[in-house]
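Residue numbers (the working numbering), protein chains in the order written: chain A, 307 to 448; chain B, 1076 to 1229.
What follows is the structure, encoded as structure tokens:
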């Protein structure tokens, strides 16, 4: 696929996130306060539908429309996954948005998504820098 | 048009995952798109599509806002931060701090709510289940601590 097709795919996903109210800070706060269970329903039915679709893809030989093989490799597990997840969750609770919904919020005209997005970029950059330094240090120690 | 009931929105988001894989051969994710944005000074590698995908998201948000009769510009959020009587710029600083934790945590865990919680769990990945449990622990803890700090909410 060409860059424009990926851009259009991202637009479709952003549209769906918005229509699902995943970009609505009140819906995220309501989910964590257990006063609005809408997004739990969204996530649950999304997982079930995606799992069904992936099973169908696997059954048909995991090939794309034009016959290329599809990589259905799960993300690797390591010790920092849980800690990283908790850090993400704390940020999710504070900003009431996640990486995808913050970008969709920006398109909706929610200007407060700008500091959130800049923060996500900063955190991403910092993590890569520290991970690289840790890798260099461990090579030196070894 | 109004927003969709949870099961229509969930089924549409869920169906998007295998359809995108069928069309592109790839599993979608967003937080790695931010990593690509941080690597723009390097030559484009095989992951550059993730940046294009992420850049599409605001366009989708705009279309959804138009469908709902908008868009309207909004500078204040409905986050819990509203309950602390701090200035607008202090709220923005706290949103940026929350964002930084989101970015740092997502890249440490190897994905976010899209790549781990929807795609990864649908694949049956242990890492995605553990990461999502972490997301929920952090989200519930931060929310309830903020509620307590605000002295309860109306």
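Backbone N, C-alpha and C define an ideal beta-carbon position, used for all residues, glycine too.
Proximity test, Cβ basis, 7 Å: residue 341 of chain A and chain B: So no, residue 341 of chain A is outside the interface.
Under 7 Å between C-beta atoms of residue 401 of chain A and residue 1170 of chain B: Taking C-beta atoms as the reference points, residue 401 of chain A and residue 1170 of chain B count as a pair closer than 7 Å.
Contact under 7 Å by Cβ, residue 408 of chain A with residue 393 of chain A: Taking 7 Å as the Cβ cut-off, residue 408 of chain A and residue 393 of chain A do not qualify as a contacting pair.
Sub-7 Å separation of residue 377 of chain A and residue 1095 of chain B beta-carbons: Taking 7 Å as the Cβ cut-off, residue 377 of chain A and residue 1095 of chain B do not qualify as a contacting pair.
Beta-carbon proximity check, residue 1087 of chain B vs residue 1108 of chain B, cutoff 7 Å: Judged by their CB atoms, residue 1087 of chain B and residue 1108 of chain B are not nearer to each other than the 7 Å cut-off.
Reference residue 1180 of chain B, options A/420, A/410, A/403, A/395, closest by Cα: Of the listed residues, the one whose Cα sits closest to residue 1180 of chain B is A/395.
is_contact[residue 367 of chain A, chain B] using C-beta, thresh 7 Å: By this cut-off, residue 367 of chain A is not an interface position.
Contact residues within the region 1133-1153 of chain B, judged by C-beta distance below 9 Å to chain A: Among the residues of the region 1133-1153 of chain B, those with a Cβ less than 9 Å away from any Cβ of chain A are 1133, 1134, 1135, 1136, 1137, 1138, 1139, 1140, 1142, 1143, 1145, 1146, 1147, 1148, 1149, 1150, 1151, 1152, 1153, in the order of the chain.
Within 7 Å, strictly: CB atoms of residue 1203 of chain B and residue 1196 of chain B: Taking 7 Å as the Cβ cut-off, residue 1203 of chain B and residue 1196 of chain B qualify as a contacting pair.
Classification of residue 1166 of chain B by the beta-carbon crowding that lies within 10 angstroms, buried from 16 upward: Burial is judged here by how many other beta carbons sit within 10 angstroms of a residue's own beta carbon; residue 1166 of chain B has at least 16 and is buried.
Top-ranked residue by Cα proximity to residue 333 of chain A, from A/321, A/347, A/320: Comparing Cα-Cα distances from residue 333 of chain A to each of A/321, A/347, A/320, the minimum goes to A/347.
Secondary structure, alpha helix (DSSP H): runs of 4+ residues fully inside the region 377-410 of chain A: Assignment of alpha helix (DSSP H) within the region 377-410 of chain A, counting only whole runs of 4 or more residues, yields 386-401 in chain order.
Near-chain A residues of the region 1203-1217 of chain B - C-beta to any C-beta below 9 Å: From the region 1203-1217 of chain B, only 1203, 1205, 1206, 1207, 1208, 1209, 1210, 1211, 1212, 1213, 1214, 1215, 1216, 1217 have a Cβ closer than 9 Å to chain A.
Sufficient close CB pairs (3 or more, under 8 Å) joining the region 429-441 of chain A to the region 1106-1123 of chain B: Contact holds: three or more Cβ-Cβ distances are below 8 Å.
Residue 1111 of chain B - containing alpha helix (DSSP H), residue span: First-last of the alpha helix (DSSP H) with residue 1111 of chain B: 1106-1112.
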